[in-house]
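Q:
Numbering (the numbering used here), first residue to last: 543 to 701.
#1: Is any beta-carbon of chain C found at less than 9 Å from that of residue 602?
#2: From residue 689 to residue 578, what distance separates their C-alpha atoms?
#3: Run through DSSP, which three-state label would residue 627 get?
#4: Does the region 610-630 touch the region 650-669, meaning 3 or more C-beta pairs lie closer than 8 Å?
#5: Is it the case that the Cβ atoms of residue 609 and residue 582 are separated by a distance below 9 Å?
#6: According to DSSP, is residue 568 helix, strand or coil?
#7: If you count every other CB in all the chains shown that lies within 10 Å of the CB of residue 685, and 16 or more means buried, which is it?
#8: For residue 564, is the classification buried or exposed, using 16 other Cβ atoms within 10 angstroms of its Cβ as the cut-off for buried?
#9: Between the Cα of residue 658 and the Cα atoms of 592, 630, 591 and 598, which residue gives the shortest distance?
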């Protein structure tokens, strides 16, 4: 396999490759994929997810997350798909990464809360919902999510 150069660097040395990734480089950049191409792949994955074809959406979102581990939407798509196929621990790990990429989007915390509800851990679910609520309150963009959080919080109350 012939190695390509990025910014004049030869990636045949694995140490250089690891350093490149650690400094924020992505496989997408290395492969020369445009954002338009990535968006097209994302739409396919989202289409599979929307039609409950989780096996197919899992493959697509894993691929996207591998190509660009810095993209919140790809990780969120992977996390919600993992939740749907009841791989809650894996979903939680992926969603935690997504939160660190975009600290303004409450959807990762909502999905984490849903995982905790499925695991019958209502205390932790409520903690995640409180974090999601704090994020959702900061923008009218998240009004739908805010209402979802309110409904879920009535379910998780430990009275």
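The beta carbon of each residue, even a glycine, is placed where N, CA and C say it ideally should be.
A: Checking against the coordinates, here is how it stands:
#1: Although the question refers to chain C, the structure presented lacks it and comprises just one protein chain.
#2: 33 Å
#3: DSSP places residue 627 in coil when its eight states are reduced to three.
#4: yes
#5: In this structure, residue 582 does not lie closer than 9 Å to residue 609 by Cβ.
#6: coil
#7: exposed
#8: exposed
#9: 630
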